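Q: Okay, handing you the structure first.
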Amino acid sequence: MLRYDLTIVAEHEFRVSHCLLAAEGVKRDDVKYAMSHPQALAQCDNYLRGLGITPNPAYDTAGSAKMISENKGLPEGCTPANTAAIASDLAGKTYGLNCLDAAIEDDDSNFTRFLLLGRRGVVQHLSRKIPSKTSIVFTLPNTPGALYKALACFSLRDID
72 MLRYDLTIVA EHEFRVSHCL LAAEGVKRDD VKYAMSHPQA LAQCDNYLRG LGITPNPAYD
132 TAGSAKMISE NKGLPEGCTP ANTAAIASDL AGKTYGLNCL DAAIEDDDSN FTRFLLLGRR
192 GVVQHLSRKI PSKTSIVFTL PNTPGALYKA LACFSLRDID
């Protein structure tokens, strides 16, 4: 951001919610494998372990739904009859898959934060009703206690 003179002008927090998606006619008990991005698989680890479903990493969540829907590029042993995707409800609708279970993530307080960046001075008319946040960028030496020393001044002044 510093290199290109950019600043944060807005943010959006998006709650991460995963579904277990499968082809028409597949029931949850039929599912032996789940395909998804490694991060989504990790976010649903307890759910998968509880059902004895083996995770299979793929390049992305919606891409996994597409692979199952089209029966293309599935790992060895995986078929649309025994494999589900972990992806969004929208991915299921887009690729014609049924949602066998919704909100399967282990932590319901998982959010992804998106930032809108702009050049300094471009966005002048932000609403005063929107609460402000401050972000700082700094570098520190790679020495024990450097981060603590840098952040302690905030704590000592009750800055959150």
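Under my numbering, the first residue of the sequence shown is numbered 72, with each subsequent residue one higher.
The C-beta atom is built at its ideal place from N, Cα and C for all residues, glycine as well.
As the structure is a computational prediction, the values presented were derived from the model and not from experiment.
Among G134, L187 and D179, which one has its Cα closest to the Cα of P109?
A: If you number the sequence shown from 1, residue 109 lands on position 38. With distances taken between Cα atoms, P109 lies closest to G134.
Q: By the 10 Å Cβ neighbour count, where 16 or more other Cβ atoms means buried, how is E141 classified, buried or exposed?
A: The residue given as residue 141 occupies position 70 in the sequence shown. It counts as exposed.
Q: Let me know if V208 comes out buried or exposed under the rule of 16 or more other beta-carbons within 10 Å of its beta-carbon.
A: Locating residue 208 in the sequence shown gives position 137, where the first residue counts as 1. Classification for V208: exposed.
Q: Would A136 and L119 be called neighbours here (beta carbons separated by less than 7 Å)?
A: The residue given as residue 136 occupies position 65 in the sequence shown. The residue given as residue 119 occupies position 48 in the sequence shown. Contact flag unset, no.
Q: Can you check DSSP and say which residues form a bridge with E95?
A: As a working note, residue 95 is residue 24 in the sequence shown. E95 is bridged by DSSP to nothing; it lacks a bridge partner.
Q: Might you give, ordered along the chain, the residues of its own chain that have their beta carbon closer than 6 Å to the beta carbon of H83, omitting 5 neighbours on each side?
A: Locating residue 83 in the sequence shown gives position 12, where the first residue counts as 1. Contacts found: F185.
Q: Alpha carbon to alpha carbon, what distance is there between Y130 and S96?
A: For the purposes of this step, residue 96 is identified with residue 25 of the sequence shown, where counting begins at 1. For the purposes of this step, residue 130 is identified with residue 59 of the sequence shown, where counting begins at 1. As written in the sequence, residue 96 is Gly, which differs from the Ser given in the question. Using only the alpha carbons, I get a separation of about 26 Å.
Q: Taking C-alpha atoms, which residue in M138, R74 and S107 lies nearest to T150?
A: Within the sequence shown, numbered from 1, the residue matching residue 150 stands at position 79. Out of M138, R74 and S107, M138 has the C-alpha closest to the C-alpha of T150.
Q: What does DSSP give as the partner residues of D172 in its beta bridges?
A: Locating residue 172 in the sequence shown gives position 101, counting from the first residue. Paired residue(s): L91.
Q: Is N213 buried or exposed, if buried means 16 or more other CB atoms sit within 10 Å of its CB?
A: Residue 213 sits at position 142 when you count from the first residue of the sequence shown. With fewer than 16 other Cβ atoms within 10 Å, it is exposed.
Q: Quick one: measure Cβ to Cβ for H89 and I175, integer angstroms, because I've assumed they're closer than 8 Å.
A: In the sequence shown, counting from the first residue as 1, residue 89 sits at position 18. In the sequence shown, counting from the first residue as 1, residue 175 sits at position 104. The Cβ separation is near 5 Å, so the contact holds.
Q: P151 lies in the alpha helix (DSSP H); which residues open and close that run?
A: Counting from one through the sequence shown, the residue named residue 151 turns up at place 80. Counting along the chain, P151 falls outside any alpha helix (DSSP H), and DSSP gives it neither H nor E.
Q: Taking the beta strand (DSSP E) that A105 falls in, what are its first and last residues?
A: Within the sequence shown, the letter at position 34 stands for residue 105. Unbroken beta strand (DSSP E) run through A105: Y104 to S107.
Q: Please name the residue or residues paired with N127 in a DSSP beta bridge.
A: What you label residue 127 is simply residue 56 of the sequence shown in a count that begins at 1. M106, per the DSSP bridge assignment.
Q: Please state whether the Cβ-Cβ distance between T132 and A111 is less than 7 Å.
A: As a working mapping, residue 132 is identified with position 61 in the sequence shown. As a working mapping, residue 111 is identified with position 40 in the sequence shown. Yes, the Cβ-Cβ distance between T132 and A111 is below 7 Å.
Q: What first and last residue would you give for the alpha helix (DSSP H) that runs through G134?
A: Translated into the one-based positions of the sequence shown, residue 134 becomes position 63. Unbroken alpha helix (DSSP H) run through G134: T132 to E141.
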